[in-house]
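Below is one structure, written out as structure tokens; comments come after it.
Residue numbers (the working numbering), protein chains in the order written: chain F, 497 to 598; chain G, 16 to 182.
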């Protein structure tokens with residue numbers, strides 16, 4: 497069977513669902529962050545698959561590059577915030593971090 | 016089965032299985048290392064989709080940067096043994112709702128992808144994409160490119176400022 501656009505889309509749908517499940521069901525903040533990375537990767541697979549099967553349109557690649565840039569900044573800032581939460585609460589469970597100050 | 020087909024199924028299985036380990040593993044260190052293989056699988060899929068520049072960027076930024084950052088985050092914020100990463104105080108109900116939402120969204124996405132008649136252009140011969148991407152970034156996307164560089168600068172300063180020890 498020939499590998500076509502739909503194969504890649506299905507892989508990205510599964511990856512997206514895994515990331516979504518991590519985001520809504522885990523309580524460790526870093527696992528939530530990993531879920532976000534999975535979702536962004538799924539979106540990137542879609543961008544590049546559409547770029548290839550839409551006649552090698554390079555704009556999909558440019559969009560994917562911007563997604564990767566945003567993922568990098570988001571990971572850096574989120575980890576800085578998580579470190580701060582850890583210094584304050586001594587844990588990083590997102591469902592127990594519910595006050596803004598002492 | 017030609018080589019492309021076999022490679023695709025190998026990479027897709029690698030990606031999905033290891034993303035499952037990321038999500039379902041009880042030990043967060045195992046999750047971090049499974050994320051490594053997931054990102055490798057995605058980079059391989061990029062190669063199959065003839066996106067050479069993106070595959071290298073994926074390796075350098077995700078595996079060389081974000082993953083190392085995440086592992087640092089894990090070792091700085093967890094007592095390594097025996098942390099329970101599953102759903103919190105609501106427990107079973109929350110897990111059940113999460114499973115339902117995820118399955119419904121996955122099923123509807125796959126159904127939509129399979130039932131849509133996608134526009135297909137005829138295949139072109141592809142050379143390296145680096146020159147094309149560079150041309151696009153410095154002409155049509157120049158403003159977004161500069162905004163992204165500004166964003167990276169702000170992110171560096173902001174992250175350093177937030178993560179600093181308070182006195």
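Note that beta-carbon positions come from the ideal geometry of N, C-alpha and C, so glycine has one too.
Check                                                                                                                                                          : Outcome
Report, in whole angstroms, the separation of the C-beta atoms of residue 129 of chain G and residue 502 of chain F, which I expect to be a contact under 8 Å. : 6 Å
In angstroms with no decimal places, state the Cα-to-Cα distance between residue 528 of chain F and residue 578 of chain F.                                    : 11 Å
With DSSP collapsed to three states, give me the class of residue 589 of chain F.                                                                              : strand
Would you report the Cα separation of residue 97 of chain G and residue 581 of chain F, rounded to the nearest angstrom?                                       : Reliability of the predicted coordinates at residue 97 of chain G is poor, the pLDDT of 49 falling under 50, and the value obtained from them is presented with this limitation in mind. Residue 97 of chain G and residue 581 of chain F: Cα-Cα distance of roughly 20 Å.
I need the DSSP call for residue 97 of chain G, collapsed to helix, strand or coil.                                                                            : Residue placement at residue 97 of chain G is flagged as unreliable, the pLDDT there being 49, under the threshold of 50; a coordinate-derived value is accordingly withheld.
In the DSSP output, which residue or residues are listed as bridge partners for residue 498 of chain F?                                                        : Paired residues: none, contrary to the question.
Beta-carbon within less than 8 Å of residue 157 of chain G's beta-carbon, same chain only, minus the 5 sequence neighbours each way: which residues are those? : none
Within the 8 Å Cβ cut-off, does residue 517 of chain F reach chain G?                                                                                          : yes
Within the chosen definition, does the segment 548-567 of chain F reach the segment 131-147 of chain G through at least 3 CB pairs nearer than 8 Å?            : yes
Beta-carbon of residue 588 of chain F versus every beta-carbon of chain G: anything under 8 Å?                                                                 : yes
Given that a residue counts as buried once 16 or more other Cβ atoms are within 10 Å of its Cβ, and exposed if not, what is residue 61 of chain G?             : buried
Quick one: give me the first and last residue of the alpha helix (DSSP H) that residue 549 of chain F is part of.                                              : 525-549
Using 8 Å as the threshold, is the C-beta distance between residue 19 of chain G and residue 520 of chain F below it?                                          : no
Output, in chain order, the set of chain G residues within a Cβ distance shorter than 8 Å of residue 501 of chain F.                                           : 133, 135
Pick helix, strand or coil for residue 594 of chain F, following the three-state DSSP scheme.                                                                  : coil
Given a cut-off of 8 Å on the beta-carbon distance, is the pair residue 33 of chain G and residue 58 of chain G in contact?                                    : no
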